[in-house]
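These notes concern the structure reproduced below.
In the numbering used here, the protein residues as written are 91 to 405.
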């Protein structure tokens, strides 16, 4: 794997791209969704993708197996004394679902964000979602159809898939292309954030821990899904020094717990983490840009399920 070294602090050179697909699905008869459908969608989508894209003859998947890259557990790598954990190159965002039963012809919307080389597999995700709909979702295997798929393009949307037809190829966006914001921002977490320090979930967010997690997730996505682009630890050290100079005020954090039923494991599972908001003052411009990048990537544990999502705004 190639490992070009990039020591510059400006993040505008980072080549990571992404595509955000907005799905609209329709219940064929009646469809039941839990409080946090992202986990159910991930499982059904993965099974459909394995049937469509995996031709491996054993549990040892080929290096270029698309299914394995998206779903299988993989070992990280150590580069220049820095351990880089493997992360999956997509995020499913559903948020919290308040409506349990979707009757015939009712629709449900959610999004999937693809990163790096995974953006080339956008059509596989759409096809797998169609197959997932035929197999059915949830414990009752309720069928659904994919009504349409839109791609987000610079805060606008383009129709990509409609009436079983792929209409256009969505253009990836550079994650570094973020708007310029002032040094004082407001941050609000909209899904549970699971930050761990020495294996323990943190109930309160600090700026150094938040930025450290953003940098490490960015490094993993770049290295494993952007042709081995390596973001060295020296960049992280400089960014953390900037973070220590910034201040948080009016922080309002609270710990949340949701429960969901796992159809695969046949038991109740807990989804927990920190939600809330804070005001950050005197952020270095690079930190503001990094916050905006993290807004796209999500941060913390279990981001593939849409956890660790936050919104950045000015005040």
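We treat Cβ as the ideally placed atom computed from N, Cα and C, and that holds for glycine.
In the DSSP assignment, the beta strand (DSSP E) including residue i goes from what residue to what residue?
{"i": "residue 241", "result": "234 to 243"}
{"i": "residue 199", "result": "197 to 205"}
{"i": "residue 315", "result": "Here residue 315 belongs to no beta strand (DSSP E); instead the alpha helix (DSSP H) covers 297 to 315."}
{"i": "residue 257", "result": "Run containing residue 257: none; DSSP gives neither H nor E here."}
{"i": "residue 400", "result": "400 to 403"}
Under DSSP, the alpha helix (DSSP H) around residue i begins and ends at which residues?
{"i": "residue 376", "result": "375 to 387"}
{"i": "residue 216", "result": "212 to 225"}
{"i": "residue 323", "result": "323 to 335"}
{"i": "residue 178", "result": "Taken as a continuous stretch (DSSP letters only), residue 178 belongs to no alpha helix (DSSP H), as it is neither H nor E."}
{"i": "residue 265", "result": "It is not in any alpha helix (DSSP H) - residue 265 carries neither H nor E in the DSSP assignment."}
{"i": "residue 161", "result": "156 to 161"}
{"i": "residue 132", "result": "128 to 143"}
CB residue i to CB residue j, shorter than 8 Å?
{"i": "residue 385", "j": "residue 400", "result": "yes"}
{"i": "residue 262", "j": "residue 209", "result": "yes"}
{"i": "residue 128", "j": "residue 396", "result": "yes"}
{"i": "residue 276", "j": "residue 405", "result": "yes"}
{"i": "residue 298", "j": "residue 341", "result": "no"}
{"i": "residue 281", "j": "residue 133", "result": "no"}
{"i": "residue 359", "j": "residue 326", "result": "no"}
{"i": "residue 177", "j": "residue 310", "result": "yes"}
{"i": "residue 265", "j": "residue 106", "result": "yes"}
{"i": "residue 101", "j": "residue 383", "result": "yes"}
{"i": "residue 417", "j": "residue 216", "result": "Only positions 91 to 405 of the chain appear in this structure, which leaves residue 417 out of reach."}
{"i": "residue 343", "j": "residue 219", "result": "no"}
{"i": "residue 238", "j": "residue 251", "result": "yes"}
{"i": "residue 123", "j": "residue 190", "result": "yes"}
{"i": "residue 143", "j": "residue 214", "result": "yes"}
{"i": "residue 175", "j": "residue 185", "result": "no"}
{"i": "residue 268", "j": "residue 379", "result": "yes"}
{"i": "residue 283", "j": "residue 387", "result": "no"}
{"i": "residue 312", "j": "residue 104", "result": "yes"}
Among the options, which one has its Cα closest to the Cα of residue i?
{"i": "residue 171", "options": "112, 321, 389 and 144", "result": "321"}
{"i": "residue 192", "options": "216, 260, 117 and 164", "result": "117"}
{"i": "residue 393", "options": "378, 362, 253 and 372", "result": "362"}
{"i": "residue 110", "options": "173, 334 and 199", "result": "199"}
{"i": "residue 402", "options": "273, 329 and 256", "result": "273"}
{"i": "residue 125", "options": "378, 347, 374 and 381", "result": "347"}
{"i": "residue 292", "options": "366, 105 and 186", "result": "366"}
{"i": "residue 364", "options": "307, 300 and 305", "result": "300"}
{"i": "residue 258", "options": "264, 240, 246 and 316", "result": "240"}
{"i": "residue 324", "options": "163, 306 and 114", "result": "306"}
{"i": "residue 270", "options": "162, 373 and 122", "result": "373"}
{"i": "residue 83", "options": "379, 388, 314 and 331", "result": "Lying outside 91 to 405, the shown extent of the chain, residue 83 is not represented and no answer is given."}
{"i": "residue 135", "options": "244, 254, 195 and 222", "result": "222"}
{"i": "residue 338", "options": "294, 219, 288 and 387", "result": "294"}
{"i": "residue 234", "options": "197, 211, 248 and 249", "result": "197"}
{"i": "residue 139", "options": "162, 123 and 121", "result": "162"}
{"i": "residue 246", "options": "260, 255 and 165", "result": "260"}
{"i": "residue 331", "options": "316, 345 and 376", "result": "376"}
{"i": "residue 120", "options": "175, 279 and 232", "result": "232"}
{"i": "residue 195", "options": "236, 290 and 284", "result": "236"}
{"i": "residue 141", "options": "253, 319, 224 and 174", "result": "224"}
{"i": "residue 381", "options": "278, 201 and 229", "result": "278"}
{"i": "residue 211", "options": "244, 164 and 154", "result": "154"}
{"i": "residue 205", "options": "244, 187 and 108", "result": "108"}
{"i": "residue 296", "options": "290, 319, 336 and 317", "result": "336"}
According to DSSP, what are the bridge partners of residue i?
{"i": "residue 194", "result": "In the DSSP output, where bridge partners are listed per residue, residue 194 has none listed."}
{"i": "residue 366", "result": "279 and 343"}
{"i": "residue 292", "result": "DSSP lists no partner for residue 292."}
{"i": "residue 117", "result": "234"}
{"i": "residue 101", "result": "According to DSSP, residue 101 bridges with nothing at all."}
{"i": "residue 251", "result": "239 and 256"}
{"i": "residue 169", "result": "172"}
{"i": "residue 111", "result": "202 and 241"}
{"i": "residue 287", "result": "290"}
{"i": "residue 122", "result": "191"}
{"i": "residue 371", "result": "337"}
{"i": "residue 319", "result": "Answer is none; residue 319 lacks a bridge partner."}
Examine chain D for any beta-carbon lying closer than 8 Å to the beta-carbon of residue i, and answer yes or no.
{"i": "residue 269", "result": "No chain D is present in this structure, which holds just one protein chain."}
Any heavy atom of the ligand GDP inside 7 Å of the beta-carbon of residue i?
{"i": "residue 298", "result": "This structure does not include the ligand GDP; it has no bound ligands of any sort."}
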